[in-house]
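Shown next, in structure tokens, is the structure this report addresses.
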Amino acid sequence: MGQDKALIEINGVPLWQRQIRLLAELEPGEIFLAGPPRDADATAAYTFLEDATPAAGPLGGLAAALRRCVTTRLLALALDLPQMTSAYLLQLLAQSDKRAGVVPIRGIRYEPLAAVYPKGSLATVEAMLAQQRYSLQNLCVLGSAEGWLLKRTVAPEDDYLFTNMNTPEDLAALNRHHA
21 MGQDKALIEI NGVPLWQRQI RLLAELEPGE IFLAGPPRDA DATAAYTFLE
71 DATPAAGPLG GLAAALRRCV TTRLLALALD LPQMTSAYLL QLLAQSDKRA
121 GVVPIRGIRY EPLAAVYPKG SLATVEAMLA QQRYSLQNLC VLGSAEGWLL
171 KRTVAPEDDY LFTNMNTPED LAALNRHHA
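Residue numbers (my numbering): 21 to 199.
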């Protein structure tokens, strides 16, 4: 993108604030924001967490959040999924429990940054960090094989929820859609 995705605005709201507001609709006990600190948003409280291993990408943020999580499960949401809805996230939460999380899958690709992870997955995440294996796809394959992560096939009508923003063209298309 050539710029920090978190600061990209849709309808005047930066993506990071948009996602925090979306999570706040779910009324969680706490919201974590992993990555660089952001300006305060008075509409939703969150706790900033530094990535556990900065070079690990999203796995480092997931590790930091799982370490701080005091509940039996953690809902992870990427900031560059601006079409995601609270209704879909509630469905994921309803399909998970303290033993098994839920990860959407489209074709052969997991959507690990709109998923629910059990607190017990922290040991696997920590082991992957220690081995410098930072792939969230690999984490999902492992979690599915070990039974602590259930697959949820994304229905065709929900596919748009996982449209992320990787290029200026993606942003332009999204802004046209929301205009």
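Think of the CB as a built atom: it goes at the ideal place given N, C-alpha and C, for glycine as much as any other residue.
About 28 Å separates the CB atoms of V136 and L191; that is not less than 8 Å, and the two are not in contact.
When beta bridges are read from the DSSP output, R129 appears opposite R126.
Within the stretch 72-138, the runs of beta strand (DSSP E) at least 3 residues long that lie entirely inside it are, in chain order, 93-97, 121-126 and 134-138. Closest option to Y66, judged by alpha-carbon separation, among R87, L43 and Y180: L43. Assigned with DSSP and collapsed to three states, R153 falls in coil, not helix or strand.
A distance below 7 Å between beta-carbons, with the five flanking residues on each side excluded, links W168 to the following residues of its chain, in chain order: R119, A120, G121, P138, G140 and S141.
According to the DSSP secondary-structure assignment, K171 is paired through a beta bridge with V123. Residue state for T144 is assigned as helix, using DSSP reduced to three classes. Cβ neighbours of R93 within its own chain (closer than 8 Å, five residues either side excluded): L113, S116, D117, K118, G121, V136, Y137, P138 and K139. Listed in chain order, the non-local C-beta contacts of A85 below 8 Å within the same chain comprise F52, A54, L69, L94 and A96, local neighbours out to five positions each way being set aside.
Nearest to Q37 by C-alpha distance, out of R88, A98, T73 and A134, is A98.
Residue state for E50 is assigned as coil, using DSSP reduced to three classes. As a beta-bridge residue in DSSP terms, L69 pairs with A54.
It is roughly 21 Å from the alpha-carbon of Q23 to the alpha-carbon of G80. Note that the C-beta distance between L110 and L46 is below 8 Å. Note on A134: 16 or more other CB atoms within 10 angstroms of its CB, so buried under the neighbour-count rule. In the structure shown, the three-state DSSP call for E166 is helix. By the criterion of a C-beta distance shorter than 8 Å, G49 is surrounded in its chain by V90 and T91, once the five residues flanking it on both sides are discounted.
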